[in-house]
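Participant:
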Amino acid sequence: MAQDVSTTGAGIVRIWRGRTVAARADAYERYLHDEGLPDLRKHALGVQMLRQDRDGESDFVVMSFWPDIGAMSRFAGPDPRRIRHLAEDADYLVELPDAVEIFEVKASTLPPPFAKAYAPGDMR
């Protein structure tokens, strides 16, 4: 049974996507954990990082959850779609993405293992 987590107040999700060559994917995942996610976790309601390995490349998706655009803008700056690239992103990514996607959260449920494992601020 899914746990309804809509009461967390997450009204907006900010989605970043990046792609590495497969040989660098493990190193980039560690880099994201160490350099990218800690600052994001300080500001967002919650964060999820996804990875898909396929045919010599790995795709990464980082989703952060925010109560509203204002809170997101306080983190990202006046243009919340602007990406805050990490210092070594250009060394890892096949190409630097130029913007994030922003969606309104209309429903949100997670099954208990995910709700527990990915509680805001607990990404390890």
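This note's numbering puts the sequence shown at residues 3 to 126.
Think of the CB as a built atom: it goes at the ideal place given N, C-alpha and C, for glycine as much as any other residue.
In the DSSP assignment, the alpha helix (DSSP H) including D91 goes from what residue to what residue?
Facilitator: Its alpha helix (DSSP H) spans residues D91 to Y94.
Participant: If you drop the 5 nearest sequence neighbours on each side, which residues of the same chain put their C-beta closer than 8 angstroms to that of T22?
Facilitator: Contacts found: Y30, E59, S60, F62, Y94, L95 and V96.
Participant: What is the rounded straight-line gap between the Cα of S110 and the Cα of A24?
Facilitator: Cα-Cα distance, rounded: 31 angstroms.
Participant: Whole angstroms is fine: what's the gap from A78's alpha carbon to R56's?
Facilitator: Distance between the alpha carbons of A78 and R56: 30 angstroms.
Participant: Take R16 as the anchor and find which of L47, H35 and D36 has the nearest alpha-carbon.
Facilitator: Among L47, H35 and D36, the Cα nearest to that of R16 is on L47.
Participant: Per DSSP, what kind of secondary structure is E97 in: helix, strand or coil?
Facilitator: Correct three-state label for E97: coil.
Participant: Using 10 angstroms around the beta-carbon of A101, count the other beta-carbons present and answer buried if the total reaches 16, otherwise exposed.
Facilitator: A101 is exposed by the Cβ-count criterion.
Participant: Curious, which full-length beta strand (DSSP E) runs of at least 3 residues does the stretch 27-113 contain?
Facilitator: Fully enclosed beta strand (DSSP E) runs of 3 or longer: 48-56, 59-68 and 103-106.
Participant: Determine the closest residue to R1 out of I104, L42, K108 and A92, with distance taken between C-alpha atoms.
Facilitator: Since the displayed the chain opens at 3 and closes at 126, residue 1 lies outside it and no answer follows.
Participant: Bridge partners of G20, per DSSP?
Facilitator: DSSP, once it has assigned bridges, lists F62 as partnering G20.
Participant: Identify, in the order they occur along the chain, each residue of the same chain with its Cβ nearer than 8 angstroms to the Cβ of D70, setting aside the five sequence neighbours on each side.
Facilitator: G13 and I14.
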